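Visitor: Going down the list, the protein sequences come from chains G and A.
For the record, in the first sequence the residue sitting at position 68 is 68 according to our numbering, with numbers rising by one throughout.
For the record, in the second sequence the residue sitting at position 166 is 354 according to our numbering, with numbers rising by one throughout.
Protein chains: 2
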Amino acid sequence: MIEKSVRDRLIGSAGDLYNLRGIQSVGMDDLRTATGISLKAIYGAFPSKNAIILAVLDKRHDDWTTSLSHRVSLVADPEEKLLEVYEYLFDWFSEPGFRGCGFINSFAELGAVNPEVRQRVQEHKEAFQTFIAELVTAAHAEPELAAQLAILAEGAQTTAAIAGTTSSAKHARRAAEILIAAALMPTP
Amino acid sequence: MIEKSVRDRLIGSAGDLYNLRGIQSVGMDDLRTATGISLKAIYGAFPSKNAIILAVLDKRHDDWTTSLSHRVSLVADPEEKLLEVYEYLFDWFSEPGFRGCGFINSFAELGAVNPEVRQRVQEHKEAFQTFIAELVTAAHAEPELAAQLAILAEGAQTTAAIAGTTSSAKHARRAAEILIAAALMPTP
DNA sequence: AATGCTAGAGAACTTTCGTTCTCAAAGCAA
DNA sequence: TTGCTTTGAGAACGAAAGTTCTCTAGCATT
Numbered sequence: 001m002i003e004k005s006v007r008d009r010l011i012g013s014a015g016d017l018y019n020l021r022g023i024q025s026v027g028m029d030d031l032r033t034a035t036g037i038s039l040k041a042i043y044g045a046f047p048s049k050n051a052i053i054l055a056v057l058d059k060r061h062d063d064w065t066t067s068l069s070h071r072v073s074l075v076a077d078p079e080e081k082l083l084e085v086y087e088y089l090f091d092w093f094s095e096p097g098f099r100g101c102g103f104i105n106s107f108a109e110l111g112a113v114n115p116e117v118r119q120r121v122q123e124h125k126e127a128f129q130t131f132i133a134e135l136v137t138a139a140h141a142e143p144e145l146a147a148q149l150a151i152l153a154e155g156a157q158t159t160a161a162i163a164g165t166t167s168s169a170k171h172a173r174r175a176a177e178i179l180i181a182a183a184l185m186p187t188p
Numbered sequence: 189m190i191e192k193s194v195r196d197r198l199i200g201s202a203g204d205l206y207n208l209r210g211i212q213s214v215g216m217d218d219l220r221t222a223t224g225i226s227l228k229a230i231y232g233a234f235p236s237k238n239a240i241i242l243a244v245l246d247k248r249h250d251d252w253t254t255s256l257s258h259r260v261s262l263v264a265d266p267e268e269k270l271l272e273v274y275e276y277l278f279d280w281f282s283e284p285g286f287r288g289c290g291f292i293n294s295f296a297e298l299g300a301v302n303p304e305v306r307q308r309v310q311e312h313k314e315a316f317q318t319f320i321a322e323l324v325t326a327a328h329a330e331p332e333l334a335a336q337l338a339i340l341a342e343g344a345q346t347t348a349a350i351a352g353t354t355s356s357a358k359h360a361r362r363a364a365e366i367l368i369a370a371a372l373m374p375t376p
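In C-alpha cells, the structure reads:
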C-alpha cells in the first residue's frame with residue numbers, strides 16, 4: 001500500500017495549497033495541476049469544493065490531535081506535560097511553510113459565511129481546550145489555569161504566523177511556567 | 189460638517205461589511221448597495237478594491253490605536269495601565285457584531301497573496317507590541333513581560349472570536365496579573 | 001477482432017466579480 | 001433657451017472559478 005487513494009492525495013494536496021495561499025485563492029484547476037488528477041476524477045471523489053475543504057479540516061484535526069497527544073504522552077511528569085505543549089508549538093512554528101493555524105485561518109476566511117467551516121473550527125478549538133483541561137486536572141490545578149494556558153497557545157500561534165518568527169512559543173512557554181507555578185501554589 | 193465625505197462613507201461601510209462577512213465575500217456591488225454610492229463615484233474615490241481594503245486597514249489601525257491609548261491614559265498606576273488593556277478587550281468583545289480582530293482576519297484571508305495587506309497587519313501588530321513594551325518599561329519590568337502580555341492579548345482575541353464569548357478577556361486579565369506580579373518580584 | 005465500458009484531458013457552461021462604458025438626466029453658463 | 005459638463009444608474013466586458021460535458025483513447029471481455 002505504497003499508493004494512496006485519490007481521496008487522500010486530494011486531501012493532502014488541497015491541505016498544502018490551502019495552507020500556503022488560503023482557501024479561496026486556490027481553484028479546482030490548481031488542485032488538478034498539483035495532483036495530476038482530472039477534474040472528472042476529483043468530482044468523482046468529492047461532490048464539491050466545499051466537501052474538500054471540510055475533509056481537509058477533518059484530516060488536519062485528526063493529525064494535529066494525534067500528533068500533539070502523542071508528543072505529550074512521551075513526558076511523564078504532569079507539569080512537564082503542560083509545558084511540552086509549547087515545545088510542540090515551537091517545533092511546529094519552525095517547520096518550513098508554517099503559515100499559522102489552519103483553523104484560525106479558515107475561520108477568518110470563511111467562518112462568517114460558511115456554517116460548516118465555522119462549526120468545525122469551533123469543535124477543534126473546543127477539543128484543544130478540553131485536552132489542556134485534562135492535563136491541568138491531572139496536574140491537580142484549578143480549571144482556570146487551563147483557560148489561561150489555552151489562550152497563551154492561541155496567542156503564540158497568531159503571533160508566530162503574523163510576525164513569521166518562532167519566539168512566541170518560547171515566550172508562551174515561559175509565561176506558562178509562571179502561571180503553572182502560581183496555580184500550584186497553595187492559596188491561603 | 190454633518191456630512192462625511194464619499195471616501196469616509198465608503199471606508200466606514202466597507203469596514204463594517206468586511207468585518208461582518210470577510211473581505212473576499214463582499215463585492216463592489218454590495219458596497220454600492222450599502223452606501224448608495226454609484227460604482228462610478230466609488231471608482232472616482234478609490235482606484236481599486238485593493239485601495240479600499242488598505243484604506244480600511246489604515247483607518248482601523250488609527251481608530252484602534254487612538255481608542256486603546258486613550259483608554260489606558262485614563263489610568264494612573266503603571267501596573268493598572270497594563271491590566272486596563274484587557275478591560276478594553278473585554279468591552280470590545282462585548283460589542284454586538286464583534287467578529288475577531290480585523291487584522292488577524294485580513295492576514296488569514298489575504299496575507300499569503302497580498303503583500304500590502306500582509307505588511308499593514310505586521311506593522312499593526314508590531315505597533316501593539318511596542319505599545320505594550322512601553323507600558324512595561326514604565327512599570328519597571330523586564331521586556332519579556334511585554335511579549336508575554338501581547339501573546340495573552342492575541343490569544344484572547346482569537347479565542348473570543350471563535351468561541352463567540354467574552355470570557356477570554358477575563359482569563360487573560362487574570363493571567364496578566366500573575367505574570368506582572370512575577371515580573372515585578374525581585375529575582376535573587 | 002469486435003464491442004462496450006471506463007477514464008482522462010480539457011473544452012464548455014454558468015455564475016460571480018472587478019472594472020469600464022454608455023446613455024440619459026440634471027445642473028450651469030452665456 | 002441652448003449647449004456643455006458632470007454624474008448617476010446600471011449595462012457591458014473580461015477574467016476567474018466551480019461544475020458539467022464531450023470526445024477520444026485504451027482496456028477488458030467475449
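The C-beta atom is built at its ideal place from N, Cα and C for all residues, glycine as well.
These numbers come from a predicted model, not from an experiment.
Listed in chain order, which residues of the region 10-33 of chain G have Cβ atoms closer than 7 Å to some Cβ of chain A?
Guide: If the cut-off is 7 Å between Cβ atoms, the region 10-33 of chain G has 20, 21, 22, 24 and 25 near chain A.
Visitor: Can you tell which of G:178, G:183 and G:148 has its C-alpha closest to the C-alpha of residue 355 (chain A)?
Guide: Residue 355 (chain A) has its Cα closest to that of G:148, out of G:178, G:183 and G:148.
Visitor: Are the CB atoms of residue 211 (chain A) and residue 298 (chain A) nearer to each other than 8 Å?
Guide: Cβ atoms of residue 211 (chain A) and residue 298 (chain A): closer than 8 Å.
Visitor: When you compare the CB of residue 342 (chain A) with every CB in chain G, is at least one pair closer than 8 Å?
Guide: By this cut-off, residue 342 (chain A) is an interface position.
Visitor: Kindly confirm or deny that the region 248-258 of chain A and the region 64-71 of chain G touch, where touching means at least three C-beta pairs closer than 8 Å.
Guide: With a cut-off of 8 Å, the region 64-71 of chain G and the region 248-258 of chain A do not count as touching, because too few Cβ pairs lie within range.
Visitor: Taking buried to mean at least 16 other C-beta atoms within 10 Å of its own C-beta, is residue 43 (chain G) buried or exposed?
Guide: That one is exposed.
Visitor: Quick one: does residue 282 (chain A) have its CB under 8 Å from some CB of chain G?
Guide: Cβ-Cβ to chain G under 8 Å: no for residue 282 (chain A).
Visitor: For residue 82 (chain G), is the classification buried or exposed, using 16 other Cβ atoms within 10 angstroms of its Cβ as the cut-off for buried?
Guide: Label assigned to residue 82 (chain G): buried.
Visitor: Measure the beta-carbon distance from residue 57 (chain G) to residue 9 (chain G) and round it to whole angstroms, keeping in mind my assumption that it falls under 8 Å.
Guide: Actually they are not in contact, since the Cβ atoms of residue 57 (chain G) and residue 9 (chain G) sit about 17 Å apart, beyond 8 Å.
Visitor: Flag this pair as yes or no: are the beta carbons of residue 138 (chain G) and residue 152 (chain G) separated by less than 8 Å?
Guide: Against a cut-off of 8 Å, the Cβ pair of residue 152 (chain G) and residue 138 (chain G) comes out as no contact.
Visitor: Counting only runs of 4+ residues fully inside the region 136-168 of chain G, write out the alpha helix (DSSP H) ranges in chain order.
Guide: Correct list: 143-163.
Visitor: For the alpha helix (DSSP H) that residue 87 (chain G) lies in, which residues bound it at each end?
Guide: That run of the alpha helix (DSSP H) goes 78-94.
Visitor: Examine chain A for any beta-carbon lying closer than 8 Å to the beta-carbon of residue 50 (chain G), and answer yes or no.
Guide: It does not; no Cβ of chain A falls within 8 Å.
Visitor: Report the residues of the region 35-65 of chain G with a CB closer than 7 Å to any CB of chain A, ordered along the chain.
Guide: Cβ contacts with chain A come from no residue of the region 35-65 of chain G.
Visitor: Are the CB atoms of residue 207 (chain A) and residue 306 (chain A) nearer to each other than 8 Å?
Guide: Against a cut-off of 8 Å, the Cβ pair of residue 306 (chain A) and residue 207 (chain A) comes out as no contact.
Visitor: With a threshold of 6 Å on Cβ separation, who are the neighbours of residue 55 (chain G) within its own chain once the five nearest residues in sequence on each side are excluded?
Guide: If we look at residue 55 (chain G) and ignore the five residues flanking it on each side, its Cβ neighbours are 11.
Visitor: Can a CB atom of chain G be found closer than 8 Å to the CB of residue 372 (chain A)?
Guide: Closer than 8 Å: no.
Visitor: Which residues, in order along the region 103-115 of chain G, keep a beta-carbon less than 9 Å from a beta-carbon of chain A?
Guide: Within the region 103-115 of chain G, the residues whose Cβ lies closer than 9 Å to some Cβ of chain A are 103, 104, 105, 106, 107, 108, 109, 110, 111, 112 and 113, listed in chain order.
Visitor: Just to confirm before moving on: does the CB-CB distance between residue 132 (chain G) and residue 150 (chain G) stay below 8 Å?
Guide: Yes, they are a contact pair.
Visitor: Taking only three categories from DSSP, how would you classify residue 224 (chain A)?
Guide: Here residue 224 (chain A) sits in coil by DSSP.
Visitor: Using alpha carbons as the reference points, say which of A:291, A:330 and A:263 lies closest to residue 250 (chain A).
Guide: Ranking the options by Cα distance to residue 250 (chain A), first place goes to A:291.
Visitor: Note down, in chain order, every chain A residue with its Cβ under 7 Å from the Cβ of residue 120 (chain G).
Guide: Here the premise fails: no neighbours, minimum Cβ distance about 11 Å.
Visitor: Within 8 Å of any Cβ in chain G, is that where the Cβ of residue 368 (chain A) sits?
Guide: Closer than 8 Å: no.
Visitor: What would DSSP say about residue 115 (chain G), mapped onto helix, strand or coil?
Guide: Residue 115 (chain G) falls in the helix class under three-state DSSP.
Visitor: At 9 Å on the CB atoms, spell out the chain A contacts of residue 87 (chain G), in chain order.
Guide: Correct list: empty, because the minimum Cβ distance to chain A is about 16 Å.
Visitor: Measuring straight from C-alpha to C-alpha, what distance separates residue 289 (chain A) and residue 345 (chain A)?
Guide: Approximately 6 Å between the Cα atoms of the pair.
Visitor: Quick one: which chain A residues come within Cβ less than 7 Å of residue 171 (chain G)?
Guide: Going along chain A in sequence order, the residues near residue 171 (chain G) (Cβ under 7 Å) are 332, 335, 336 and 339.
Visitor: To the nearest angstrom, report how far apart residue 75 (chain G) and residue 136 (chain G) are at their CA atoms.
Guide: Rounded to whole angstroms, residue 75 (chain G) to residue 136 (chain G) spans 14 Å at the Cα level.
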